[in-house]
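With mature numbering (1 follows the signal peptide of the UniProt record, and there is no 0) applied, the sequence shown corresponds to residues -19 to -1, 1 to 121, in that order.
Ideal placement from N, C-alpha and C gives every residue a C-beta, glycine not left out.
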Amino acid sequence: CWLFGFLRCLDCLFWFGLGLQIQCYQCEEFQLNNDCSSPEFIVNCTVNVQDMCQKEVMEKSFGIMYRKSCASSAACLIASAGYQSFCSPGKVNSVCISCCNTPLCNGPRPKKRGNSAVVPRAHMITTLLLLKLALLFLYC
């Protein structure tokens, strides 16, 4: 099947050092009411290891706490899936973890202007990454 060959080719490029380096916002300790999306929080993620940006948002009675970092796709997707049932934006004690794979995508939320195309794309990226991981396990 051409899909398997394509995914194997992508894996070869990745494992032989032709992967790309992504930049993300990073604040390891929770920041209270500061979403750490200013230039001093920008870091270069580890090439061929950290291929995604992760954002964790906790809503507390005293404010919103943020944690952002570089992450591997597997670790980020597992974390976000594990906290999905705790994610209720706008409610106290909500914990939401999100993953994305474009430079500085864990920064501030974009201004509202018809961003309905963002959600299907995010689901498609997650689905493709999970499919790739499943296929990788089949061939290892």
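Where residue i sits in the DSSP three-state scheme
i	result
G71	coil
S53	coil
G44	strand
S18	coil
I59	helix
Q65	helix
C26	coil
Chain-order list of residues whose beta-carbon lies under 6 Å from that of residue i (same chain, five-residue window excluded)
i	result
S69	S75
C77	V38 and C68
7 Å Cβ shell around residue i - same chain, five flanking residues per side excluded
i	result
S18	Y6, G88 and P89
G44	L13 and N14
C86	C34
S61	I78, S79 and C80
Status (buried if at least 16 other CB within 10 Å, exposed otherwise) for residue i
i	result
A52	buried
E9	exposed
L13	exposed
L58	buried
Q65	exposed
Rounded separation between residue i and residue j - CA only
i	j	result
K36	V73	18 Å
I3	F67	28 Å
F11	E40	11 Å
K49	C34	7 Å
A56	V28	15 Å
V30	S54	9 Å
P84	G71	27 Å
D16	L1	26 Å
C26	P20	15 Å
Y47	G63	18 Å
D32	N82	7 Å
Cutoff 8 Å; reference residue i; Cβ partners in own chain excluding five residues on either side
i	result
S42	V73
F22	Y6, Q7, C8 and K49
V24	Q4, C5, Y6, Q7 and C51
Span of the beta strand (DSSP E) around residue i
i	result
Y6	Q4 to Y6
C81	V76 to C81
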